[in-house]
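Visitor: Have a look at this one.
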Amino acid sequence: MSYRLISELQTRVDRWRETMLDDAARLRYYQRNLLEMRRFSPRPHNSITLTLRQCAAARKMMNHASRALASCRSNIKELSGNNLQ
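Going by the working numbering, the letters in the sequence shown line up with residues 614 to 698, in that order.
Printed below as a string of structure tokens:
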């Protein structure tokens, strides 16, 4: 329908996808750090706790980006008339 609106939503999809990929990479980085820290014999509990919080925050951000991405894609399908009901 409105090609300008669809184009704007497609731009949002691209941005959210990039955000989601960045968040996923950040989460993998924190998880690798956590695994490395757990290999130490005298565990630095403060560092492990911080890394666990960072993992949880990165996971939340990634899930939010994923939901926003799905919503934008759904809106594009609806506007372009390709939604299946």
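The beta-carbon is built from N, C-alpha and C at its ideal position, and this holds for glycine as well.
Within 10 angstroms of its Cβ, does Ala-683 collect 16 or more other Cβ (buried), or is it exposed?
Guide: By the neighbour-count criterion, in which a residue is buried when 16 or more other Cβ atoms sit within 10 angstroms of its Cβ, Ala-683 is exposed.
Visitor: For Ser-615, which three-state DSSP category applies?
Guide: coil
Visitor: Quick check on the burial criterion: 16 or more other C-beta atoms within 10 angstroms. Buried or exposed for Glu-691?
Guide: Exposed is the call here.
Visitor: Cys-668 and Leu-634 - do their beta-carbons sit closer together than 8 Å?
Guide: no
Visitor: Would you report the Cα separation of Leu-665 and Arg-630, rounded to the nearest angstrom?
Guide: Here the C-alpha atom of Leu-665 lies approximately 24 Å from the C-alpha atom of Arg-630.
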